[in-house]
Amino acid sequence: MLPILFRIIAVSLGGVIIKELLSSNEKKYNDMSNCHNHFLGLEKDFSLTPTKKTKLIDSRKALEKRIRDYFAWNHNFLMPKFYIQGSYKMKTMVRDRNGEYDVDLGIYFLERPSILPYTLQSYVWNAVNGHTDTPPEHRNKCVRVIYKGDFDIDLPVYYMTRYDRHPCLATKNGWEQSDPKELCDWFKNQRRYKGNGGQLLRVIKYFKIWTNARAGKMPSGIAFTIWVTNNFQSNQRDDIAFYETAKAIRNSIRWNVSSINPATPYDDFTSKLDYVQKSNFKTALDNLIREADKALYQPDLRTALNIWGRQFGVNFL
Numbered sequence: 069m070l071p072i073l074f075r076i077i078a079v080s081l082g083g084v085i086i087k088e089l090l091s092s093n094e095k096k097y098n099d100m101s102n103c104h105n106h107f108l109g110l111e112k113d114f115s116l117t118p119t120k121k122t123k124l125i126d127s128r129k130a131l132e133k134r135i136r137d138y139f140a141w142n143h144n145f146l147m148p149k150f151y152i153q154g155s156y157k158m159k160t161m162v163r164d165r166n167g168e169y170d171v172d173l174g175i176y177f178l179e180r181p182s183i184l185p186y187t188l189q190s191y192v193w194n195a196v197n198g199h200t201d202t203p204p205e206h207r208n209k210c211v212r213v214i215y216k217g218d219f220d221i222d223l224p225v226y227y228m229t230r231y232d233r234h235p236c237l238a239t240k241n242g243w244e245q246s247d248p249k250e251l252c253d254w255f256k257n258q259r260r261y262k263g264n265g266g267q268l269l270r271v272i273k274y275f276k277i278w279t280n281a282r283a284g285k286m287p288s289g290i291a292f293t294i295w296v297t298n299n300f301q302s303n304q305r306d307d308i309a310f311y312e313t314a315k316a317i318r319n320s321i322r323w324n325v326s327s328i329n330p331a332t333p334y335d336d337f338t339s340k341l342d343y344v345q346k347s348n349f350k351t352a353l354d355n356l357i358r359e360a361d362k363a364l365y366q367p368d369l370r371t372a373l374n375i376w377g378r379q380f381g382v383n384f385l
């Protein structure tokens, strides 16, 4: 009887500890470990610089002109339109560890092409081949143009007639509905109500930076964008907002790791992760929450910065 009683007590205590760590932000954190300004600096360091932004805009315009000219000369029955989308449009883009960025530039046709989607992708590949020193990549859902050392521009190809509610995306295996603009509009509306002076955008970026510092395959940036938006916990301090949002995300995926697209086709942005990868992600998130909790209660700033630095893969000192 006693061993069973001890087991019940142990489980109950464990549940109390977990519940305490994942509870709401009613606790009083140590002001001596306030890393808010260092978080702001981190976001600035990983965001698109004015120089890179100018270079990206110039490269995008040159790429659009090259594609237009190619279709005008070779396939003038197809007239492409362009729409910048993804993290650039949402203002959540961060550089990776190599200082590079990924940009989505959608190519849209306003009539349904009579050719196979794979063939249409091949036309786009032909249009951009030779534009940079590195050959473009023909991927399943886009053509990637590589500007080595700077950024990659992904070119997904769509058609949308005036009778269609949503665009159809070209893949190597056929057409499938996909609506990046609907997703961007959803996010824009969420920002209007939850933005908190730009803090929502910054917290999304912090998670992307944290993910880039982890080993192994992790959820995508867009998966985190959805998680953070749906579980955002604002605070005067960014370090606390990041921590509280991490706890809220962990609660939301306690039984099932998924990040559902709020726009067409309402798919799961974690579908490419297998069971082990999802399990490793939850372990990494649990570790982040424990370490962040320690950092927020440190009696001195230096120790707190060391803890945060290990999580983000940077040296704050």
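At position 207 of the sequence shown the residue is numbered 275 (our numbering), and the sequence of numbers has no breaks. C-beta: ideal position from N, C-alpha, C; glycine also.
- The beta carbon of Ile-328 sits closer than 8 Å to those of Ile-294, Tyr-334, Asp-335, Asp-336 and Phe-337, all from its chain and outside the five residues before and after it, given in chain order.
- Shown here, Asp-336 sits in a strand according to DSSP, grouped into three states.
- With fewer than 16 other Cβ atoms inside 10 Å of its own Cβ, Gly-266 counts as exposed.
- Between the alpha carbons of Lys-159 and Ala-238 lies a gap of roughly 25 Å.
- Secondary structure of Tyr-227 (DSSP, three-state): strand.
- As computed with DSSP, His-206 is found in a beta bridge with Val-211.
- Scanning Val-344, Ala-363, Leu-341 and Thr-332 for the CA closest to the CA of Tyr-311 turns up Ala-363.
- Check the Cα spacing between His-143 and each of Phe-177, Asp-354 and Gly-167: the tightest is with Phe-177.
- Leu-341 counts as buried, since at least 16 other C-beta atoms from the protein chains shown sit within 10 angstroms of its C-beta.
- According to the DSSP assignment, Gln-379 belongs to the alpha helix (DSSP H) that extends over 369–380.
- For Glu-244, the enclosing beta strand (DSSP E) begins and ends at 242–245.
- Phe-150: member of the beta strand (DSSP E) spanning 149–153, first to last residue.
- As summarised for the stretch 109–177, the continuous beta strand (DSSP E) elements at least 3 residues long and confined to that stretch are 149–153 and 169–177, given in chain order.
- In terms of Cβ geometry, Arg-180 and Tyr-226 do not form a close pair [threshold 8 Å].
- The beta carbons of Ala-314 and Ile-357 sit about 5 Å from each other, so the pair counts as a contact at 8 Å.
- A distance below 8 Å between beta-carbons, with the five flanking residues on each side excluded, links Asn-298 to the following residues of its chain, in chain order: Ser-320.
- In this chain, the alpha helix (DSSP H) harbouring Leu-356 covers 343–364.
- Pairwise C-beta distances place the stretch 199–206 out of contact with the stretch 146–154, as fewer than three of them are shorter than 8 Å.
- In chain order, Asn-280 place their CB closer than 7 Å to the CB of Arg-165, counting only its own chain and leaving out the 5 sequence neighbours on each side.
- Here Phe-300 carries a coil assignment [DSSP, helix/strand/coil].
- Under the Cβ criterion (8 Å, minimum of three pairs), the stretch 253–266 does not count as touching the stretch 344–354.
- Within the DSSP secondary-structure output, Cys-236 pairs in a beta bridge with Tyr-227 and Gln-245.
- Per the coordinates, the alpha-carbon of Trp-278 lies some 18 Å from the alpha-carbon of Arg-305.
- A residue is called buried when at least 16 other Cβ atoms come within 10 angstroms of its Cβ; Glu-111 meets this threshold and is buried.
- Out of Asp-354, Ser-101, Tyr-156 and Tyr-231, the CA that lies nearest to the CA of Arg-322 is found in Asp-354.
- Beyond the five residues adjoining it in sequence on each side, Leu-108 comes within less than 8 Å, by CB distance, of Arg-270 and Asp-306 in the same chain, given in chain order.
- Phe-384 carries a coil assignment under DSSP once its states are collapsed to helix, strand and coil.
- In the three-state DSSP reduction, Asp-307 falls in the helix class (H, G or I).
- Cβ neighbours of Asp-220 within its own chain (closer than 6 Å, five residues either side excluded): Asp-170, Arg-212 and Ile-214.
- Taken through DSSP and simplified to helix, strand or coil, Ile-183 comes out as coil.
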